[in-house]
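Okay, so the sequence shown: first residue is 1 according to the UniProt record's numbering, each after it adds one. Backbone N, C-alpha and C define an ideal beta-carbon position, used for all residues, glycine too. None of these values were measured; they are calculated from a predicted model. What follows is a single structure, written as C-alpha cells, with notes after it.
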Amino acid sequence: MKTLPLLCALLALTSFGPKPKLTSTKLAPGLTVGVPQGFTPLPDEGIAMKFPSPRKPLAVFSSPNGRTDYSVSVRPTTFGPDYNVLLPMYKASVQRLYTKVEFLTQEVRKVNGRDFVALEFISTLNDSRRAAALAPLKKYEFIEYAVQGEQLYIFSFSAPAEEQAQWRPVAQAALSDISLK
Numbered sequence: 001m002k003t004l005p006l007l008c009a010l011l012a013l014t015s016f017g018p019k020p021k022l023t024s025t026k027l028a029p030g031l032t033v034g035v036p037q038g039f040t041p042l043p044d045e046g047i048a049m050k051f052p053s054p055r056k057p058l059a060v061f062s063s064p065n066g067r068t069d070y071s072v073s074v075r076p077t078t079f080g081p082d083y084n085v086l087l088p089m090y091k092a093s094v095q096r097l098y099t100k101v102e103f104l105t106q107e108v109r110k111v112n113g114r115d116f117v118a119l120e121f122i123s124t125l126n127d128s129r130r131a132a133a134l135a136p137l138k139k140y141e142f143i144e145y146a147v148q149g150e151q152l153y154i155f156s157f158s159a160p161a162e163e164q165a166q167w168r169p170v171a172q173a174a175l176s177d178i179s180l181k
C-alpha cells in the first residue's frame, strides 16, 4: 500500500520533465515535421544501405550514434482516408513483417487537427534461415500513417529496444509535431 503513493509521486515528477527539443523541418510543400535535436539528415548512400528499397524515403534523420532513425516516406495509395479501416490493415501488415510484435499503442489519433493511424510497438525478428541462428533483433518502433489525396505518408521512428526508455518520449514528441496540409 505504501508503494502506490510513491509510484504516483514518481509519475507526477516525470510527467513535468523537459520536453524533447525538436527542430521544425520543411520536407515538401505542405509537409513540416519536428526533427529531434541532434539528428542529422542521412545522405543518399546511407539511406540506400539502411533502407534498401526501390522507393527511397522522402527523408531520413539519424541520431548522432546512428542507431536511431526517423524517416518519412510517401507512397501512392488507392485507399481513402477511412482510418478505422486502415488501422487493422496496417496492424496486420506490421505483424506479418516480424516474428513477434508487442503493441504499446494502436489507435487513430489527431495530430495538428489531422487523423493518423498510430502504431507503437516492440518488434522481434528471429533469423531462422541459418544453421547457427543469430540473436533476435529487437526494436522499439513508432509509426504513423496519413492519407493525403492519393498519397500515403509514413512517419517512422525506430530505435534499439533496450533504449526504449530514452527514445520513447522523443518519438512521441516528434510524431506529435507533424504538419501535413
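Tell me whether the beta-carbon of residue i lies closer than 9 angstroms to the beta-carbon of residue j.
{"i": "F103", "j": "L87", "result": "no"}
{"i": "V35", "j": "F155", "result": "no"}
{"i": "residue 207", "j": "S176", "result": "Shown here, the chain extends from 1 to 181; a query on residue 207 therefore has no answer."}
{"i": "V108", "j": "V117", "result": "yes"}
Tell me whether residue i sits in a helix, a strand or coil according to DSSP, three-state version.
{"i": "Y98", "result": "coil"}
{"i": "R168", "result": "helix"}
{"i": "D44", "result": "helix"}
{"i": "A59", "result": "strand"}
{"i": "L87", "result": "helix"}
{"i": "K181", "result": "coil"}
{"i": "K138", "result": "strand"}
Report, in whole angstroms, the separation of the C-beta atoms of residue i and residue j, which I expect to be a contact under 8 angstroms.
{"i": "P81", "j": "D115", "result": "7 angstroms"}
{"i": "L22", "j": "A173", "result": "6 angstroms"}
{"i": "N126", "j": "T99", "result": "4 angstroms"}
What's the C-alpha gap between residue i and residue j?
{"i": "S71", "j": "S62", "result": "9 angstroms"}
{"i": "E162", "j": "K139", "result": "8 angstroms"}
{"i": "D44", "j": "T68", "result": "17 angstroms"}
{"i": "S123", "j": "Q95", "result": "9 angstroms"}
{"i": "A97", "j": "P29", "result": "Checking the sequence shown, residue 97 turns out to be Leu, not Ala. Whole-angstrom Cα-Cα distance: 31 angstroms."}
{"i": "F39", "j": "K56", "result": "19 angstroms"}
Which residues does DSSP list as the beta-bridge partners of residue i?
{"i": "G34", "result": "S24"}
{"i": "V117", "result": "V108, Y145"}
{"i": "D69", "result": "S62, S158"}
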